[in-house]
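K.L.:
Numbering (my numbering), first residue to last: 7 to 188.
1. Could you pull the DSSP bridge partners for residue 48 from this structure?
2. So, with DSSP's three-state summary, where would you put residue 93?
3. Could you compute how far the alpha carbon of residue 148 sits from the alpha carbon of residue 42?
4. Using only alpha-carbon positions, find the residue among 160, 113, 142, 128 that is nearest to residue 181.
5. Going by alpha carbons, who is nearest to residue 67 out of 57, 84, 52, 56?
6. What is the DSSP secondary structure of residue 147, reduced to helix, strand or coil?
7. Does DSSP put residue 137 in a helix, in a strand, or in coil?
8. According to DSSP, is residue 11 part of a helix, a strand, or is it coil?
9. Can you say whether residue 94 is buried or exposed, counting buried as having 16 or more other CB atoms within 10 angstroms of its CB?
10. Indicate the three-state DSSP secondary structure (helix, strand or coil) for residue 174 in the structure shown.
11. Are residue 49 and residue 177 closer than 8 Å when you measure CB to CB?
12. Since I believe residue 32 is in contact with residue 10 (beta carbons under 8 Å), could you give me their beta-carbon distance rounded to a whole number of angstroms?
13. So, with DSSP's three-state summary, where would you put residue 119?
14. Please state if the CB of residue 125 and the CB of residue 59 are separated by a distance shorter than 8 Å.
15. I'd like the span of the alpha helix (DSSP H) that includes residue 74, first residue to last.
16. Classify residue 142 as helix, strand or coil using the three-state DSSP reduction.
17. Starting from residue 108, trace the beta strand (DSSP E) in both directions and tell me its first and last residue.
18. Using the Cβ count rule (16 or more neighbours within 10 Å means buried), how would you classify residue 115?
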């Protein structure tokens with residue numbers, strides 16, 4: 007059994023609207039590194055997501071608003087955030103399942119985590135969608151845990167780090183790569 011939430015329960019708003027969160031349930035994702043003239047190398051990761059992908063504490067919210075939006079997870083209770091939910095629903099799983107793609111920039115976010123992605127919103131605006139994640143081994147399985155996911159006005163983090171470099175180092179028991187431009 008993994009140490010994070012395996013199945014997210016839906017959030018029901020006060021008006022009865024149901025926000026399905028099953029798209030963030032734990033799943034196995036296989037990343038395949040192809041080399042010309044060499045056999046493919048596959049990495050199977052168990053991917054889990056934090057409630058921070060769809061919740062947010064806003065300082066301007068009253069206690070009554072926070073209570074009305076309260077999402078109770080096994081580790082904490084936080085106000086449901088529709089903006090984060092919409093971005094996660096539209097982009098998060100696609101980003102995570104394609105981390106090795108050149109379309110996404112993985113950078114060192116510090117504290118042993120990485121961030122990535124630029125996305126297009128419903129309004130046609132391009133925003134940085136920060137997706138901090140951590141990789142590690144647990145019970146002989148490779149784990150990728152998404153710590154949060156949120157829009158930001160600018161890119162953060164250091165130089166680009168290849169996802170397969172992260173996966174390879176994890177497999178080989180080497181230190182995970184950090185900002186190459188420090």
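Every residue, glycine too, gets a C-beta built ideally from N, C-alpha and C.
P.N.:
According to the structure shown:
1. Residue pairing from DSSP places residue 48 in a beta bridge opposite 38.
2. Here residue 93 carries a helix assignment [DSSP, helix/strand/coil].
3. Here the alpha carbons of residue 42 and residue 148 stand approximately 25 Å from one another.
4. In terms of Cα proximity to residue 181, the closest of 160, 113, 142, 128 is 142.
5. Residue 84 holds the alpha-carbon nearest to the alpha-carbon of residue 67 among 57, 84, 52, 56.
6. In the three-state reduction of the DSSP assignment, residue 147 falls in the strand class.
7. Residue 137 falls in the coil class under three-state DSSP.
8. Coil at residue 11, not helix or strand.
9. Classification of residue 94: buried, given that the 10 Å Cβ count is 16 or more.
10. The three-state secondary structure of residue 174, taken from DSSP, is helix.
11. Between residue 49 and residue 177, the gap from beta carbon to beta carbon is short of 8 Å.
12. Sure, about 7 Å apart at Cβ, within 8 Å.
13. Strand, per DSSP.
14. Cβ distance not < 8 Å, so residue 59 and residue 125 don't count as in contact.
15. Run containing residue 74: 69-74, per the alpha helix (DSSP H) assignment.
16. Correct three-state label for residue 142: strand.
17. From DSSP, residue 108 is part of no beta strand (DSSP E); its letter is neither H nor E.
18. Here residue 115 is buried: its Cβ has 16 or more other Cβ atoms, across all protein chains shown, within 10 Å.
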